[in-house]
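The opening position of the sequence shown corresponds to residue 47 in my numbering, with each subsequent residue numbered one higher.
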Amino acid sequence: MNEHLPNHALTAFDSLADERRAGVLDHVRACAECRAAWLAADSSRVFALLGRMPIPGRELDRLSARLDAALDREPPRIRPRRFLRVASIAASLLLALVLGAVLWNQEPTPGHA
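See below:
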């Protein structure tokens with residue numbers, strides 16, 4: 047590809063109209079020099095480029111099988127934080143009830159009745 051994109055099309059990609067963005071994506075897929083400049087401006091743009099690339103079904107199946115196998119090997123995790131959260135809430139409620147009962151049953155002091 048002989049003709050490269052102008053610098054503003056590469057650096058201001060996010061503000062371009064949809065059809066112009068599609069054209070830039072098509073160009074950077076084919077032109078390594080423009081792709082390098084485009085990604086240098088914002089490396090997260092690689093996801094926009096990957097979104098336009100078809101992934102073969104066989105590759106998806108292989109990736110899915112690898113992920114499933116990895117998840118099966120992962121031991122189940124015990125969540126101690128949840129227990130601590132519930133225990134602290136229960137302790138707070140119990141403290142509030144006890145304090146409320148003590149204050150409710152307290153004899154009024156003379157002169158404050």
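From the three backbone atoms N, C-alpha and C, an ideal C-beta is built for every residue, glycine too.
| Query | Result |
| --- | --- |
| Kindly examine the ligand ADP and report whether one of its heavy atoms sits closer than 7 Å to the Cβ of R98. | Questions concerning the ligand ADP fall outside what the structure shown contains, since it holds no ligand whatsoever. |
| So, F129 versus R91, is the Cβ gap smaller than 8 Å? | no |
| Going by CA-CA distance only, name the one from A63, S61, L56 that's closest to H73. | L56 |
| Measure how close the beta-carbons of A94 and L62 come, nearest whole angstrom, since I'm counting them as under 8 Å. | So it is not a contact: roughly 12 Å between Cβ atoms. |
| By how many angstroms is the C-alpha of L145 removed from the C-alpha of R131? | 21 Å |
| Using a threshold of 8 Å, state whether the C-beta atoms of C77 and H54 are closer than that. | no |
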